[in-house]
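In our numbering, the protein residues as written are 70 to 393.
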């Protein structure tokens, strides 16, 4: 009997979105709907499992944790870009790591980003609460048409954001460390320097891959450059922003923010962002759509079957005996 753990299935939907019965009677599948937030908790809960199915980067798989999982043979992770697995430690232990296709992120994440932008601009969460409480029109919103959208990053998702911004008749500018005038022109936007973007944009939206180079791309300096009341949106990775500086700017009501990602997730119950003013929060929903999850879990079942047949697919890392 091989034991399979589906981790961080917060909505408890994994079983319904793929045909796990294809694995046959030799597999026992267990779903974990709560995050195993410490290495000790993960080691204790997962010690008897042969296969782990990770949801994106919700649970790190460090070398020290891998050493405490003696039966582990296969790891599946949704999406191909992964920063939280120690691949060297996995392959040294004879563990194969496979990924799934990315799903609907090209549309899903930008759509959520625009939801956060509009929610901030028109105070929708606050006014929803006011109506529920029997009140009426407590805030005054701002429009987007004619305003400036500043995109930090103009890759696949940033370009999608630019197109939607143009549909709102916004002036779209962009910056990243490697952005060229030619690439910006292809997306129909104007490349500017970092200081110009933060000082002139009415809305700043982040679309960068997290690395040591991009960590704290938005520091106290950039926050200080932003216009009073400007909106900062992050649907990429929390550490792109200096969180302490952001909390300070929000508590001083200098800017507004729509945040889907945080330094540590899930966000702790007493985190200051939970009570910060001028803020719309969502719990890392950028990729969380039915279509994406169906693809994630169907690919995961395929990965397990292919691995069991000795022909693993979508391999991120494998022991030397499996390398082609």
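Heads up, the beta-carbon is just placed ideally off N, CA and C, and yes, glycines get one too.
Keep in mind that this is a model prediction, so the values were computed, not measured.
What do you get for residue 236, buried or exposed, if any count of 16 or more other CB atoms within 10 angstroms of its CB means buried? Indexing the chain shown from 1 puts residue 236 at position 167. It counts as exposed.
Residue 305 classed as buried or exposed, judged by whether at least 16 other C-beta atoms fall within 10 angstroms: Here the question's residue 305 lines up with position 236 in the chain shown. Counting the other Cβ atoms within 10 Å of the Cβ of residue 305 gives 16 or more, which makes it buried.
Can you say whether residue 322 is buried or exposed, counting buried as having 16 or more other CB atoms within 10 angstroms of its CB? Here the question's residue 322 lines up with position 253 in the chain shown. Counting every other CB atom within 10 Å of its CB across the protein chains shown gives residue 322 a total below 16, marking it as exposed.
One question on the structure: do residue 293 and residue 325 come within less than 9 Å of each other, judged by their Cβ atoms? Here residue 293 refers to the residue found at position 224 when the chain shown is read from its first residue. Here residue 325 refers to the residue found at position 256 when the chain shown is read from its first residue. Cβ atoms of residue 293 and residue 325: not closer than 9 Å.
Taking the alpha-carbon of residue 182 as reference, which of 351, 102, 286 has the nearest alpha-carbon? As a first step, residue 182 is located in the chain shown; it is residue number 113 there, counting from the start. Ranked by Cα distance from residue 182, the first of 351, 102, 286 is 351.
Buried or exposed: where does residue 312 fall if 16 or more other Cβ atoms within 10 Å of its Cβ makes it buried? Against the chain shown, residue 312 aligns to sequence position 243. Looking at its Cβ environment, which holds 16 or more other Cβ atoms inside 10 Å, residue 312 is buried.
Which class does residue 301 belong to by DSSP, given the choice of helix, strand or coil? What you label residue 301 is simply residue 232 of the chain shown in a count that begins at 1. The three-state secondary structure of residue 301, taken from DSSP, is strand.
On a CA-only basis, which of 104, 82, 81, 117 is nearest residue 71? Give me that one, please. Counted from its first residue, the chain shown places residue 71 at position 2. Among 104, 82, 81, 117, the Cα nearest to that of residue 71 belongs to 117.
What beta strand (DSSP E) runs, 3 residues minimum, are completely inside the stretch 191-258? DSSP runs (the beta strand (DSSP E)) wholly in the stretch 191-258: 217-221, 240-244.
Which same chain residues, not among the five before or five after residue 388, have their C-beta less than 6 Å away from its C-beta? As a working mapping, residue 388 is identified with position 319 in the chain shown. Cβ contact annotation for residue 388 (same chain, cutoff 6 Å, sequence separation greater than five): 160, 163, in chain order.
So what does residue 145 bridge to, in DSSP terms? Taking the first residue of the chain shown as position 1, residue 145 is located at position 76. Under the DSSP definition of a beta bridge, residue 145 partners with 122, 167.
Kindly give me the distance between the Cβ atoms of residue 266 and residue 302, rounded to whole angstroms, as I take these residues to be in contact under 8 Å. Taking the first residue of the chain shown as position 1, residue 266 is located at position 197. Taking the first residue of the chain shown as position 1, residue 302 is located at position 233. Contact between residue 266 and residue 302 is absent: CB atoms are separated by about 13 Å, not below the 8 Å threshold.
Assuming residue 175 and residue 148 make a contact with CB atoms under 8 Å, what is their CB distance in whole Å? On the chain shown, residue 175 is found 106 positions in, with the first residue counted as 1. On the chain shown, residue 148 is found 79 positions in, with the first residue counted as 1. Not quite, the Cβ-Cβ distance comes to about 13 Å (not below 8 Å), so this is no contact.
Tell me whether residue 389 sits in a helix, a strand or coil according to DSSP, three-state version. Position 320 of the chain shown holds residue 389. Here residue 389 carries a helix assignment [DSSP, helix/strand/coil].
Bounding residues of the alpha helix (DSSP H) (the contiguous stretch that carries residue 315): Residue numbering aside, residue 315 sits at position 246 when the chain shown is read from its first letter. Residues 312-320.
C-alpha gap between residue 238 and residue 153, whole angstroms: As a position in the chain shown, residue 238 is number 169, starting the count at 1. As a position in the chain shown, residue 153 is number 84, starting the count at 1. C-alpha separation (whole angstroms): 39 Å.
Is it true that the CB of residue 165 sits closer than 9 Å to the CB of residue 386? The residue labelled residue 386 in the question sits at position 317 within the chain shown. The residue labelled residue 165 in the question sits at position 96 within the chain shown. In contact: residue 386 and residue 165 (Cβ atoms closer than 9 Å).
Neighbour-count burial assignment, residue 197, 16 or more Cβ in a 10 Å radius: Position 128 of the chain shown, counted from the start, is the residue given in the question as residue 197. Residue 197 comes out exposed.
Any contact of the stretch 215-235 with the stretch 268-284, i.e. 3+ C-beta pairs under 8 Å? Yes, the stretch 215-235 is in contact with the stretch 268-284.
Is the beta carbon of residue 277 closer than 9 Å to that of residue 245? Numbered from its first residue, the chain shown carries residue 245 at position 176. Numbered from its first residue, the chain shown carries residue 277 at position 208. With a cutoff of 9 Å on beta-carbon distance, residue 245 and residue 277 are scored as near each other.
Can you give me the Cβ contacts of residue 259 inside the same chain, cut-off strictly under 7 Å, excluding the 5 residues immediately before and after it? The sequence position of residue 259 within the chain shown is 190, counting from 1. For residue 259, where only same-chain residues beyond five positions count, the Cβ hits under 7 Å are 242, 253.
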